[in-house]
Amino acid sequence: MTTPRLFIVIPCYNEQEALPITAQRLVKLTDDMIGKSIISPESRIVLVDDGSRDDTWRVIAGLHAQDPRFEGVKLAHNAGHMNALWAGMTLCAERCDCVITIDADLQDDINAMVAFLEEYRKGADVVYGVRGSRKKDTFFKRATAQGFYKMMNAMGAELVYNHADYRLLSRRALQALLSFGEVNMFLRGMVPMLGFRTAQVSYERGERVAGESKYPLKKMLAFAMEGVTSLSNKPIRYVLLLGVLCALLGVAMGVYVLVSLFKGHTVRGWASTMMSIWLLGGLQLIALGLIGEYIGKIYMETKRRPKFILEEHLK
Ligand code: UDP
Ligand code: MG
Numbered sequence: 034m035t036t037p038r039l040f041i042v043i044p045c046y047n048e049q050e051a052l053p054i055t056a057q058r059l060v061k062l063t064d065d066m067i068g069k070s071i072i073s074p075e076s077r078i079v080l081v082d083d084g085s086r087d088d089t090w091r092v093i094a095g096l097h098a099q100d101p102r103f104e105g106v107k108l109a110h111n112a113g114h115m116n117a118l119w120a121g122m123t124l125c126a127e128r129c130d131c132v133i134t135i136d137a138d139l140q141d142d143i144n145a146m147v148a149f150l151e152e153y154r155k156g157a158d159v160v161y162g163v164r165g166s167r168k169k170d171t172f173f174k175r176a177t178a179q180g181f182y183k184m185m186n187a188m189g190a191e192l193v194y195n196h197a198d199y200r201l202l203s204r205r206a207l208q209a210l211l212s213f214g215e216v217n218m219f220l221r222g223m224v225p226m227l228g229f230r231t232a233q234v235s236y237e238r239g240e241r242v243a244g245e246s247k248y249p250l251k252k253m254l255a256f257a258m259e260g261v262t263s264l265s266n267k268p269i270r271y272v273l274l275l276g277v278l279c280a281l282l283g284v285a286m287g288v289y290v291l292v293s294l295f296k297g298h299t300v301r302g303w304a305s306t307m308m309s310i311w312l313l314g315g316l317q318l319i320a321l322g323l324i325g326e327y328i329g330k331i332y333m334e335t336k337r338r339p340k341f342i343l344e345e346h347l348k
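Residues in the sequence shown are numbered from 34 upward in steps of one, following my numbering.
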């Protein structure tokens, strides 16, 4: 196997403080890896400016002028983290052997890349960076994080535990991912759908090198919502299930109401009102769930996902 051309894709939104530090560390690491013949000298660092409002683009242009290994990509407006990643990955898909995506703030340990490439060399097409122990986190943070993954799985989004968007994709895995036609993207839920051989590398997650988080709580909740609704129809199914439960309860209520009626314990009109509330409520929910089921199908159709992903073809 020849040394792979590695493209590191970094989404940057208002990262003028972090970028110079990040760039310097990455240059050192790539120089190191090139020296040890882990990656080819044609490897690149692709900085995607996601419509920043500060000097991020000027910093990127400066880096590119100094060292052609830095590529700059400027998006015309703030398209969001996932779209910035997609843009960067699309632009290097034809030229790389593998791609690693990582945030601009280096909360993820860049030294894990060496282990990523080792797994790649051993044949993995997808290497997940997994946050190691959460020793430094509070009990509350750990519990909520665990709850989050459980909830997401129950809702039909299959996620790799403690994995964010720090990962390596081989060229063929990348191309398979790029063939997904959806606009609403939740990458960490889509990558596990690819199949191929996967591996995990764990690392310690640190603090931001500079600047502040671009993910306030509001954006985080929107992100979780996107995760569920972009990947699965399960929430709609739960409505259907609820409807069936209500209708069943309605039947039980019906029996109770009739018994009360014949025993003469009721005021006029009570029995018919009670019956209609429960039965109609249940029927309405069932109807909604059924309509939802079809809408869910339409939704999945509109994503135009590939029907299969080819791994090998012997001929
Ligand atoms: N980011 C982006 N577009 C956005 C928001 C964030 O490209 O609209 C980038 C940001 O520059 C960083 C990464 O996404 O490289 C993750 O953001 P951040 O580190 O602020 O999130 P946190 O680690 O706090 O969840
Ligand atoms: Mg961060």
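From the three backbone atoms N, C-alpha and C, an ideal C-beta is built for every residue, glycine too. The structure displayed is predicted, hence computed values, not measured ones.
Indicate, with yes or no, if ligand 1 has a heavy atom lying under 8 Å from the CB of residue i.
i       : result
Gln-317 : no
His-196 : no
Pro-44  : yes
Val-224 : no
Gly-113 : yes
Ala-117 : yes
Glu-237 : no
Asn-47  : yes
Arg-91  : no
Asp-83  : yes
Ile-241 : For the sequence presented, residue 241 should be read as Arg rather than Ile. Yes, the Cβ of Arg-241 comes within 8 Å of a heavy atom of ligand 1.
Met-253 : yes
So, is residue i buried or exposed, given that buried needs 16 or more other C-beta atoms within 10 angstroms?
i       : result
Tyr-248 : exposed
Ala-157 : buried
Pro-339 : exposed
Gly-162 : buried
Asp-138 : buried
Met-83  : Checking the sequence, you will find Asp at residue 83 rather than Met. The residue in question, Asp-83, is buried, as its Cβ has 16 or more Cβ neighbours within 10 Å.
Pro-74  : exposed
Ser-85  : buried
Ile-331 : exposed
Thr-35  : exposed
Ile-72  : buried
Ser-76  : buried
Asp-141 : buried
His-110 : exposed
Thr-335 : exposed
Tyr-194 : exposed
Thr-306 : exposed
Per DSSP, residue i is paired with what?
i       : result
Asp-82  : Cys-45, Lys-107
Leu-316 : DSSP, once it has assigned bridges, lists no residue as partnering Leu-316.
Val-193 : Val-193 is not bridged to any residue.
Phe-173 : Note: Phe-173 sits in no beta bridge, so no partner.
Arg-77  : Phe-40
Leu-202 : Val-132, Val-159
If you follow the alpha helix (DSSP H) that residue i is in, where does it begin and where does it stop?
i       : result
Gly-162 : It is not in any alpha helix (DSSP H) - Gly-162 instead sits in the beta strand (DSSP E) that spans 159-164.
Cys-125 : 114-125
Gly-244 : From DSSP, Gly-244 is part of no alpha helix (DSSP H); its letter is neither H nor E.
Pro-268 : 267-296
Phe-149 : 145-154
Arg-221 : 220-223
Val-300 : Here Val-300 belongs to no alpha helix (DSSP H), and DSSP marks it neither H nor E.
Gly-228 : Note, Gly-228: premise wrong, no alpha helix (DSSP H); not H, not E.
His-97  : 89-99
Would residue i count as contacting chain D if we go by Cβ distances under 9 Å?
i       : result
Ala-255 : Considering every chain present, this structure includes no chain D. It has just one protein chain.
Tell me whether residue i, by its Cβ, gets closer than 8 Å to a heavy atom of ligand 2.
i       : result
Tyr-248 : yes
Arg-200 : no
Asp-136 : yes
Gln-140 : yes
Arg-164 : no
Arg-86  : no
Ligand 3 heavy atoms versus the CB of residue i: any closer than 8 Å?
i       : result
Cys-131 : For the structure depicted, ligand 3 is absent and the ligand set comprises only ligand 1 and ligand 2.
Just to confirm the assignment, what range does the beta strand (DSSP E) spanning residue i have?
i       : result
Tyr-248 : That residue, Tyr-248, is in no beta strand (DSSP E); it is neither H nor E in DSSP.
Val-60  : Run containing Val-60: none in the beta strand (DSSP E); it sits in the alpha helix (DSSP H), 51-68.
Ser-235 : 231-236
Ile-133 : 131-134
Cβ contact check for the region 214-225 and the region 289-300: 3 or more pairs under 8 Å: no
Below 8 Å, can you find three or more Cβ-Cβ pairs linking the region 101-110 to the region 126-144? no
Tell me whether the region 208-218 and the region 176-185 touch, counting them as touching only if at least three CB pairs, one residue from each stretch, are closer than 8 Å. no
Would you check if the region 308-321 and the region 277-285 touch, i.e. whether three or more CB-CB distances between them fall below 8 Å? Enough Cβ pairs lie closer than 8 Å, so yes.
If we count Cβ pairs, one from each stretch, closer than 8 Å, do we get three or more for the region 50-58 versus the region 241-255? yes
contact_flag[the region 264-276, the region 319-330] where n(CB pairs < 8 Å) is 3 or more: Contact between the region 264-276 and the region 319-330 is present, because at least three Cβ pairs lie under 8 Å.
Three Cβ pairs or more, each shorter than 8 Å: is that satisfied between the region 110-126 and the region 37-53? yes
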